[in-house]
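Novice: Numbering (the numbering used here), first residue to last: 1 to 123. Encoded as C-alpha cells, here's the structure I'll be asking about.
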Amino acid sequence: MNVYFLVAAILSLAVFLLHTFAGGRVIARPLLASTDLAIVPKLVSYYCWHLVTIVLFVIGTMYGLAALEPSSIDVAWFATILAGAFCAFGLVLPVWNRQSYKNMPQGWLFLPILILGIIGGVT
C-alpha cells in the first residue's frame, strides 16, 4: 500500500467534504439567493459548483485506488496533475485579483495533496 497516496486520498476527500458542506453554506446558498445576478450566470455558476464537487470526490477516489493498487500509478499522477493545477491557480488568483488569501485560501488546500502525490509517485 502506498501510504502517501492514502494520505492524499484522505486529504482530498476532506477537501471534498469541506467544499460540499461548509462551502455550500458560505458560497452556493448565497449565490442562489442573490437577486442582483441574472439567472443564466447564476445557474451556470451553480452548475460549475457541482462540477467541482464531483471532481474533488473523483480526485480522492483516484488516490484511494492508487494507494491500494500499485499498478494504478498513472491514475495517481493524473490526480496529482489536477491537484497541482488547482493549487497553482488557487495561489495565483488572489494575487492577480489583489485579494487576500484570507478571503481565497482554496489553493493552499491542494498544496499538501500535491506534495503527497509527487512523493507517492516517485517512491
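Glycine included, each C-beta is placed from N, C-alpha and C at the ideal position.
Excluding five sequence neighbours on each side, which residues of the same chain lie with their C-beta closer than 6 Å to the C-beta of Leu82?
Specialist: Excluding positions up to five away in sequence, the list reads Ile59.
Novice: What are the boundary residues of the alpha helix (DSSP H) that includes Leu18?
Specialist: Counting along the chain, Leu18 falls outside any alpha helix (DSSP H), and DSSP gives it neither H nor E.
Novice: If we ignore side chains and look at the alpha-carbon of each, how far apart do Phe5 and Thr35 end up?
Specialist: Each residue's alpha carbon lies about 43 Å from the other.
Novice: Closest by CA to Pro112, which one among Leu43, Leu11, Pro41?
Specialist: Selected option, being the one with the closest Cα: Leu11.
Novice: For the region 8–26 and the region 44–62, state whether three or more C-beta atom pairs, one from each stretch, are separated by less than 8 Å.
Specialist: Segments in contact, yes.
Novice: Counting along the chain, where does the alpha helix (DSSP H) carrying Asp36 start and finish?
Specialist: Where Asp36 is concerned, there is no enclosing alpha helix (DSSP H), given that its DSSP letter is neither H nor E.
Novice: State the DSSP-derived secondary structure class of Met1, mapped to helix, strand or coil.
Specialist: Met1: coil per DSSP, three-state reduction.
Novice: Since I believe Ser72 is in contact with Ala66 (beta carbons under 8 Å), could you give me their beta-carbon distance rounded to a whole number of angstroms?
Specialist: Right, the Cβ-Cβ distance comes to about 4 Å (below 8 Å), so this counts as a contact.
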